[in-house]
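J.:
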Amino acid sequence: MPLLSVIVPAYNAAAYLGRALDGLGAVRGIEVVVVDDGSTDGTREVAEAWAARSPESIRVVSQENRGHGGAINTGLATARGDYFKVLDADDWLDIRSLRLLVAHLDVLRETGTEVDAVFTDFVHERLGKSPKAARFDSVFPEGRVFEWSDTERFGRRQVLMMHAIV
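First residue of the sequence shown: 41, per the numbering used here; consecutive thereafter.
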């Protein structure tokens, strides 16, 4: 049973899906569910090629186009992990950081510690602009389980997006 399910909603993402999937098949404790959301550009074929390379960890689900939320819901319906994370097809994960996250989730599982969510920092990169790190160390207590009442105020530029939530 995987610890973390990474749901990858993908619509017409053939040109960049490989970057999103690169390295994920080598991370122990995760499953990757690519949901081809009715693509017309070869996304399904790209996803299936990656799944063929890592059949133990990458699966492809195809459906008629239901939109981003519909693709996420389909991925969730087939996910087997204790936790889930959404990774858009045009995004990617730092593999070293992902391994650290999975190790942390494994400690939670082994100690029987139940949590509703795990929050992480992320880097927002936009073409032609400098990367910006979205950090939450001033908001959330670091390295421990906490309740929402333990959090601090969010800064103006601290926006909690799906990229930061497991």
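Backbone N, C-alpha and C define an ideal beta-carbon position, used for all residues, glycine too.
#1: Give the straight-line distance between the Cα atoms of Leu64 and Glu88, rounded to the nearest whole angstrom.
#2: With DSSP run on the structure shown, which of helix, strand or coil describes Glu85?
#3: Can you list, in chain order, the residues of its chain with a C-beta nearer than 6 Å to that of Glu165? Leave out the 5 residues immediately preceding and following it.
#4: Across which residues does DSSP place Glu96 in a beta bridge pair?
#5: If you run the structure through DSSP and keep just helix, strand and coil, what is Leu44?
#6: Less than 8 Å between the C-beta atoms of Asp77 and Asn105, yes or no?
#7: Going by the beta-carbon positions, is the gap between Phe176 and Asp190 smaller than 8 Å?
#8: For the candidate residues Val73, Ala54, Leu61, Ile70, whose alpha-carbon lies nearest to that of Asp81?
#9: To the nearest angstrom, how far is it from the Cα of Arg149 to the Cα of Ser94?
#10: With distances taken Cα to Cα, identify the nearest neighbour of Thr151 among Arg184, Ala119, Leu167.
#11: Using beta-carbon positions only, say whether Val101 and Thr118 come within less than 8 Å of one another.
#12: For Val147, which three-state DSSP category applies?
#13: Go ahead and pull the three-state DSSP assignment for Ala174.
#14: If you reduce the DSSP assignment to three classes, tell me which class Val142 lands in.
T.: Here's the rundown:
#1: 14 Å
#2: helix
#3: Pro171
#4: For Glu96, which the question treats as bridged, DSSP gives no partner whatsoever.
#5: strand
#6: yes
#7: Result no, Cβ atoms of Phe176 and Asp190 do not sit closer than 8 Å.
#8: Ala54
#9: Arg149 and Ser94: Cα-Cα distance of roughly 25 Å.
#10: Arg184
#11: yes
#12: In the structure shown, Val147 sits in a helix (DSSP, three-state: H, G or I).
#13: strand
#14: Note: Val142 maps to helix in three-state DSSP.
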